[in-house]
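Colleague:
Chains as they are written, first to last, in our numbering: chain S, 341 to 686; chain B, 365 to 440.
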């Protein structure tokens, strides 16, 4: 019999790492697949903020693949993922996280990949009861069914709590050597990690997607409301992760760099946005997203001046660049703290 | 042999890796790809991707904020 091949959904966390290793141990050839939705926490923010640059950085999915000695395929699904975010059939979790639809989507993409690359089955690190929305006893069959994976979807960490799948029935894997984990406790995972000799792994469970973040969800909802439509481009969702967002008027908001790394990142968007910075003092770069007349620009300048080193000065000279026309200087009194209304800050 | 360039500047992890992966898939074994990026994370991630996928990093050069990673495409 030729060696069977499985594709493993790899997030970079512990569970998917363990699931892949459990199947590798049974002599199956495993390759990893990882999907980039644009909302992945992995990588981005620590690549932007200067204070985080001193910390060791790695993409955990790649790191896991290297530890397991397997290939990893990272797939850009930004465009296709929009329908998951905008119209989740199963709704959202606590914030704008469409966890169940997301899992269905990712497994369905893995099915497509497996078919195109002649792989036999799909594995995930799911555990019954681990997550309140997407990993419940009632939802695991939904993922298998709606993704089209059906009984070619194997969850090695909790397989013995679930009906037999085809890889088990056909003897591609030995069910007895799979696991029966359930619930929110992480102890069985930690014990298995110890057995495999894994001592260094990413903090498991949760926190891998910006859509689960309440503050991020507020900013995304604000973006949709301001534009009058629930749409986004990759630059929109990147910019929501960066800077201080202040919307003083319904028709424009400011994205103000909080430190050098963010200012450098925002520099890359100067040609696309009206932008402001202090000339007379050190201060941040701010992008203006929306439309603004002269009065709006004066207000924007006063707000941005507030975040410059001239915040307590009687006036700050600001440069305003409308992109299409030459930049000009404007002297403004910085906003006082109480002038920045609480509701403006996203 | 000619060297192909890939502009991955101003992209954040994992996009430089994805763009590298997609471009390497179009090249023949032995060809060289020179990836230009600005995300400091690429210094770790692109060589890791190369190791697990059987490609060789010929060199990494820092030019100001820009990182240039030269990759020789492997046989698999």
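We put the CB at the ideal spot given by N, CA and C, even for glycine.
Judging by CA-CA distance, which residue of S/608, S/609, S/626 is the nearest neighbour of residue 616 of chain S?
Modeller: Cα-wise, what sits closest to residue 616 of chain S is S/626.
Colleague: Can you look up residue 393 of chain B in the DSSP assignment and give me helix, strand or coil?
Modeller: Here residue 393 of chain B sits in coil by DSSP.
Colleague: Chain B partners of residue 414 of chain S, CB-CB under 7 Å?
Modeller: The answer, in chain order, is 378, 381, 382, 385.
Colleague: Thinking C-beta only, is residue 431 of chain B closer than 9 Å to residue 402 of chain B?
Modeller: Contact flag set, yes.
Colleague: What residues in its chain sit with their C-beta under 7 Å from that of residue 446 of chain S, if we drop five residues either side in the sequence?
Modeller: 349, 375.
Colleague: Determine the burial state of residue 394 of chain B: buried for a count of at least 16 other Cβ atoms within 10 Å of its Cβ, exposed for fewer.
Modeller: By the neighbour-count rule (16 or more Cβ atoms within 10 Å), residue 394 of chain B is not buried but exposed.
Colleague: Less than 9 Å between CB atoms is the rule here; does residue 439 of chain B satisfy it with respect to chain S?
Modeller: For residue 439 of chain B, the answer is no, since every Cβ of chain S falls outside 9 Å of its Cβ.
Colleague: Would you identify the three-state DSSP class for residue 501 of chain S, choosing helix, strand or coil?
Modeller: Helix, per DSSP.
Colleague: Determine which residues share a DSSP beta bridge with residue 688 of chain S and list them.
Modeller: In the structure displayed, chain S extends from 341 to 686; residue 688 of chain S sits before or after that span and is not available.
Colleague: Is the CB-CB distance between residue 370 of chain B and residue 383 of chain B below 9 Å?
Modeller: The answer is yes: Cβ separation under 9 Å.
Colleague: Is there a Cβ from chain B that is less than 9 Å from the Cβ of residue 511 of chain S?
Modeller: Taking Cβ atoms only, chain B never reaches closer than 9 Å to residue 511 of chain S, which makes this a no.
Colleague: Quick one, which of S/435, S/415, S/442, S/505 has its alpha-carbon nearest residue 299 of chain S's?
Modeller: Coverage of chain S is limited to positions 341 through 686, which leaves residue 299 of chain S absent and any answer about it impossible.
Colleague: Are there three or more Cβ pairs, one per stretch, closer than 8 Å when the region 458 to 472 of chain S is compared with the region 570 to 579 of chain S?
Modeller: The answer is no - the region 570 to 579 of chain S does not touch the region 458 to 472 of chain S, with fewer than three Cβ pairs under 8 Å.
Colleague: Can you tell me whether DSSP reads residue 541 of chain S as helix, strand or coil?
Modeller: The answer is coil: DSSP assigns residue 541 of chain S none of H, G, I, E or B.
Colleague: Taking 8 Å as the threshold, find out whether the region 526 to 546 of chain S comes into contact with the region 482 to 489 of chain S through three or more Cβ pairs.
Modeller: No, because fewer than three Cβ pairs between the region 526 to 546 of chain S and the region 482 to 489 of chain S fall closer than 8 Å, the two stretches do not touch.
Colleague: What three-state label does DSSP hand residue 576 of chain S in the structure shown?
Modeller: It is helical.
Colleague: Spatial neighbours of residue 345 of chain S within its chain, please: CB distance less than 6 Å, with the 5 preceding and 5 following residues excluded, ordered by chain position.
Modeller: Within the same chain, residue 345 of chain S has close Cβ partners 369, 459, 460.
Colleague: Using a Cβ-Cβ cut-off of less than 8 Å, list which residues of the region 403 to 432 of chain B approach chain S; keep chain order.
Modeller: Against chain S - using a Cβ distance shorter than 8 Å - the residues of the region 403 to 432 of chain B are 403, 404, 405, 408, 409, 412, 413, 415, 416, 417, 429.
Colleague: Quick check on DSSP: helix, strand or coil for residue 380 of chain B?
Modeller: Helix.
Colleague: Please give the ranges of any alpha helix (DSSP H) in the region 410 to 460 of chain S, keeping only runs that are unbroken, at least 4 residues long and fully inside the region.
Modeller: Qualifying alpha helix (DSSP H) stretches, in chain order: 418 to 426, 439 to 456.
Colleague: Among S/549, S/420, S/583, which one has its Cα closest to the Cα of residue 593 of chain S?
Modeller: Checked all of S/549, S/420, S/583; the closest Cα to residue 593 of chain S is S/583.
Colleague: Helix, strand or coil for residue 557 of chain S per DSSP?
Modeller: Helix at residue 557 of chain S.
Colleague: Please decide whether residue 410 of chain S counts as near chain B, where near means a Cβ-Cβ distance under 9 Å.
Modeller: Yes, residue 410 of chain S counts as interfacial toward chain B.
Colleague: Measuring only the C-alpha atoms, how far is residue 607 of chain S from residue 620 of chain S?
Modeller: Straight-line Cα distance between these residues: approximately 19 Å.
Colleague: What residues from chain B crowd round residue 376 of chain S, counting only those whose CB sits closer than 8 Å?
Modeller: Chain B residues near residue 376 of chain S: 378, 379, 382.
Colleague: Can you tell me the Cα-Cα spacing of residue 670 of chain S and residue 660 of chain S, whole angstroms?
Modeller: Roughly 7 Å separates the two Cα atoms.
Colleague: For residue 374 of chain S, which three-state DSSP category applies?
Modeller: Strand, per DSSP.
Colleague: With a cut-off of 9 Å, does the C-beta of residue 346 of chain S fall near any C-beta of chain B?
Modeller: Closer than 9 Å: no.
Colleague: CB-CB under 7 Å to residue 629 of chain S, same chain, minus the five flanking residues each way: which ones, in chain order?
Modeller: Hits under 7 Å: 592, 593, 595, 613.
Colleague: What are the boundary residues of the alpha helix (DSSP H) that includes residue 426 of chain B?
Modeller: Segment 420 to 427 is the beta strand (DSSP E) holding residue 426 of chain B; no alpha helix (DSSP H) there.
Colleague: When DSSP labels each residue in this structure, what does residue 546 of chain S get in the three-state scheme?
Modeller: In this prediction, residue 546 of chain S has a pLDDT of 49, which is less than 50 and means its spatial position is unreliable; what the coordinates show is noted afterwards. If DSSP states are grouped into helix, strand and coil, residue 546 of chain S belongs with coil.
Colleague: If I measure Cβ to Cβ from residue 673 of chain S and keep anything under 6 Å in the same chain, skipping five residues before and after, which residues do I get?
Modeller: These residues qualify, in order along the chain: 655.
Colleague: Hey, out of S/622, S/588, S/585, whose CA is closest to residue 600 of chain S's CA?
Modeller: Residue S/622 is the option with its Cα nearest to residue 600 of chain S.
Colleague: Note down, in chain order, each residue of its chain lying with its Cβ closer than 6 Å to the Cβ of residue 542 of chain S, except the 5 sequence neighbours on either side.
Modeller: Around residue 542 of chain S: 352, 353, 400.
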